[in-house]
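Numbering (this note's numbering), first residue to last: 849 to 1474.
The beta carbon of each residue, even a glycine, is placed where N, CA and C say it ideally should be.
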Amino acid sequence: MMRMAECAWQCGDPGVQYDTTINRWHTCPNSGRINASNPCSEYMFLDNTACNLASINLMKFRQEDGTFDVERFQAACRVFFIAQEILVDHASYPTKEIAENSHMYRPLGLGYSNLGSLIMASGLPYDSEAAYGLCGSLTSLLHGMANLTSAEMSAVVGPFDGYEANKEPFQRVMEMHRDAVKGINPAGPQYLKTAAATLWDQVLETGKRNGYRNAQATVLAPTGTISFMMDCDTTGIEPDIALVKYKQLAGGGMLKIINNTIPLGLKVLGYDEPQVKDVTAYVDKHDTIEGAPHLKEEHLPVFDCAFKPATGVRSIAWRSHVKMMAAAQPFLSGAISKTVNMPHDTTPDDISEAYRWGWKLGLKALAIYRDGSKQSQPLSTQKESDKSEATVTEVVRGPHRERLPETRQSLTHKFSVGGHEGYINVGLYPSGNPGELFITMAKEGSTVGGLMDCFGTAISMSLQYGVPLEVLVNKFSHARFEPMGQTTSKDIRIAKSVVDYIFRWLGIHFLPGYREANNGTLLETATRESDGSTDATQLAAEKLSIGAKAVPSLAQKGSAGPVDLELLERAGVAVAPKPAGSMMGRADQFARFQSDAPSCDNCGAITVRNGNCYLCHNCGNSMGCS
849 MMRMAECAWQ CGDPGVQYDT TINRWHTCPN SGRINASNPC SEYMFLDNTA
899 CNLASINLMK FRQEDGTFDV ERFQAACRVF FIAQEILVDH ASYPTKEIAE
949 NSHMYRPLGL GYSNLGSLIM ASGLPYDSEA AYGLCGSLTS LLHGMANLTS
999 AEMSAVVGPF DGYEANKEPF QRVMEMHRDA VKGINPAGPQ YLKTAAATLW
1049 DQVLETGKRN GYRNAQATVL APTGTISFMM DCDTTGIEPD IALVKYKQLA
1099 GGGMLKIINN TIPLGLKVLG YDEPQVKDVT AYVDKHDTIE GAPHLKEEHL
1149 PVFDCAFKPA TGVRSIAWRS HVKMMAAAQP FLSGAISKTV NMPHDTTPDD
1199 ISEAYRWGWK LGLKALAIYR DGSKQSQPLS TQKESDKSEA TVTEVVRGPH
1249 RERLPETRQS LTHKFSVGGH EGYINVGLYP SGNPGELFIT MAKEGSTVGG
1299 LMDCFGTAIS MSLQYGVPLE VLVNKFSHAR FEPMGQTTSK DIRIAKSVVD
1349 YIFRWLGIHF LPGYREANNG TLLETATRES DGSTDATQLA AEKLSIGAKA
1399 VPSLAQKGSA GPVDLELLER AGVAVAPKPA GSMMGRADQF ARFQSDAPSC
1449 DNCGAITVRN GNCYLCHNCG NSMGCS
């Protein structure tokens, strides 16, 4: 026991189930014992069966005078239960065995939600004897009406297939439910207890005559998600976790949730409208009702919640959670999916005592949660600390746009691609780097002009938000589409498109080394930047038989670049090596030829541009040319 308690103290697991109690209330023991439950622990029945659930919002039946509308509640239970019964034959099941058993026993799970809000709206503390009586009566009415509807349906379409084999134990359990009505706490509303007693007499009489259509009728599910859809302030049988909650959203962020039942509870307790507004405003601001104006000390327990507020000291004792479950358990086919909330300073001994107490009070299952025992929880009583928020603010920065000065220098360049003329205007920062681009196409239609203008604006925004020019040049260079063809530029003889021309021109004028790497003058420049030609290099050039005819650059300049030296070496001429710092690798030499080259479709090696084709130096394959 202590080992389980220590584990629950650390992380909230495991929950416990009371096997003897579960099987004592089992309606079909002749078909097999109950061995387990669903993960939430409210559905307990034969192995390989399924149960469809439904929950009713109790606050919808609270009348203006604060009383509970029994007639409408019973009518709703009847409609819900019939709908659930219809779904048994229209649902899909994960396995054949589950489908067969679910049709044979037809278990259902009608329940309710928002009990905590109804208790608060009635001006009752959750941990009061009157609240326990209210819970017992309402659960008895729910379970009684569900079983009465089941018996009435059995008169028309017959009982469930396993009923005859379990008729005696089924009737015994129904009598146990009827007898439990006498044990409902008398501090609750007497009219509800009387209605429950009358209903259960009718259930037993009808059931003995007709049998029952369903082996199980009710459970109390957690309703953690559907309660929000039903506009409930509390879930299932739970009290409110806090008057002001902060729910962590799956997609990030937080949702502040304020209990909307506070004004109703205050009005029942005798507070007027201005006082109610003052109190609710105080709760919204301080996340607690403790210390609120006008509120009397004796009324504080009405608004107690499962957890202590961040700025308060009050909360519901864990024993009150167990007592509330004990009030409802005798009137359910299954069990109750509810968390017994304990404060952070709870000890393993307290949890062990709760386990023993739950068994003594007749519960079928019990789950403990110590506040803060898990790394994260969906609901909390306070926001994350301001310190954390400040740290995030300091670390995370939004994008920054560096605009050009009002008066700036610019370059204007006229170009022609395939006979189509245009103008490039580049605005410059004081540092000389480009910061904006305007493109004007001469004698073009409004569509082309508009597109190029928008394209230039987009590039300008990219530059001003810090996108490196080199990235843009590498991205848009060699884009191929019409118009394409020869140009009037000595640096760019042929352009594959206007965009290709623009970005290659930008690269040549604003990116160091781009002209040399992409314009065929890399060899010449690399040679000029070296320590000078050696005598051996000049001698090699003179001895090369093909001389100026084959290598005109050598004859004209009297020096040899890296590629020239390679030609000399292939011709068998000894040459002196250049200093390591001025030598360029073969990958750099051929970078301009491979900037847009695909892999060879024959051997997979990277090809190089060869006119309008691509040539593979590995296997000799030529792509695009015959």
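Review point. In angstroms, rounded to a whole number, what distance separates the CA positions of I934 and S879?
Key: 24 Å
Review point. Could you give the residue range of the beta strand (DSSP E) that holds F916?
Key: It is not in any beta strand (DSSP E) - F916 carries neither H nor E in the DSSP assignment.
Review point. DSSP puts S1447 in a beta bridge; with which residues?
Key: I1454
Point to revise | Residues sharing a beta bridge with T1054, DSSP | key: For T1054, which the question treats as bridged, DSSP gives no partner whatsoever.
Exercise for review: Return the bridge partner residues of L1040 from the DSSP annotation.
Suggested key: BP columns for L1040 are empty, so no partner.
Review point. So L1354 is in the alpha helix (DSSP H); what residue range does that whole segment cover?
Key: 1346-1358
Point to revise | A1213 and S889 closer than 9 Å at C-beta | key: yes
Exercise for review: Run the CB neighbour count on D1088, radius 10 Å, all protein chains shown included, and call it buried at 16 or more, exposed below.
Suggested key: buried
Exercise for review: To the nearest angstrom, report how far apart P1017 and N871 are at their CA atoms.
Suggested key: 11 Å
Practice item. Starting from R1075, follow the alpha helix (DSSP H) in both directions and report where the run begins and ends. Key: As written in the sequence, residue 1075 is Ser, which differs from the Arg given in the question. Counting along the chain, the alpha helix (DSSP H) containing S1075 begins and ends at 1074-1077.
Check your understanding: Measuring CB to CB, does P877 end up less than 9 Å from S1181?
Key -> no
Review point. Should E1284 go down as buried or exposed, given a rule of 16 or more other Cβ atoms within 10 Å for buried?
Key: buried
Review point. At what residues does the alpha helix (DSSP H) containing Q1123 begin and finish?
Key: 1121-1134
Review point. Whose CA, out of T1255, D895, Q932, Y974, lies closest to the CA of I946?
Key: D895
Practice item. Indicate the three-state DSSP secondary structure (helix, strand or coil) for Q1064 in the structure shown. Key: coil
Practice item. Hey, could you find the ends of the alpha helix (DSSP H) S1310 is sitting in? Key: 1294-1312
**Study point:** Cα-Cα separation between R1256 and R1328, rounded to whole angstroms
**Key:** 33 Å
Check your understanding: What's the C-alpha gap between G1429 and A1290?
Key -> For G1429, the predicted model reports a pLDDT of 42, less than 50, meaning its position is unreliable; a value from the coordinates is still stated below. Answer to the nearest angstrom: the Cα atoms are 47 Å apart.
Point to revise | Segment contact, 8 Å Cβ cut-off, at least three pairs: the segment 853-869 with the segment 1149-1163 | key: no
Exercise for review: Inspect the beta-carbon positions of A1183 and L1211 and report whether they are closer than 9 Å.
Suggested key: yes
Point to revise | Y980 in three-state terms, based on DSSP | key: helix
Review point. Name the DSSP beta bridge partners of I1164, please?
Key: I1164 is not bridged to any residue.
**Study point:** Best match in H1192, N905, Y866, Q911 for proximity to G1084 [C-alpha to C-alpha]
**Key:** N905
Check your understanding: At which residues does the beta strand (DSSP E) containing K1104 begin and terminate?
Key -> 1102-1106
Point to revise | CA-to-CA distance, A1175 to G1006, given in whole angstroms | key: 32 Å
Exercise for review: Pull up the DSSP beta-bridge partners for I1184, would you.
Suggested key: L1068
Exercise for review: Can you say whether E1053 is buried or exposed, counting buried as having 16 or more other CB atoms within 10 angstroms of its CB?
Suggested key: exposed
Exercise for review: May I ask you to verify whether the segment 991-1004 touches the segment 1056-1067, counting CB pairs closer than 8 Å and requiring at least 3?
Suggested key: yes
Review point. Nearest CA to the CA of K1262: which residue from A969, P1360, T1288, E1254?
Key: T1288
Check your understanding: Which whole-angstrom value describes the C-beta separation of W873 and M1024, a residue pair presumed to lie in contact below a C-beta threshold of 8 Å?
Key -> 7 Å
Review point. Are three or more beta carbon pairs between the segment 1103-1110 and the segment 1123-1133 nearer than 8 Å?
Key: yes
**Study point:** 8 Å contact criterion, which V1265 and V1321 should meet: CB distance rounded
**Key:** Not really, about 17 Å apart at Cβ, beyond 8 Å.
Review point. What do you get for A884, buried or exposed, if any count of 16 or more other CB atoms within 10 angstroms of its CB means buried?
Key: exposed
Exercise for review: Tell me whether Q932 is buried or exposed, calling it buried when 16 or more other Cβ atoms sit within 10 Å of its Cβ.
Suggested key: buried
Exercise for review: Counting only the same chain and skipping the five closest in sequence on each side, list residues whose C-beta sits under 6 Å from that of I1307.
Suggested key: L1285
Check your understanding: Is it true that the CB of V918 sits closer than 9 Å to the CB of L989?
Key -> yes
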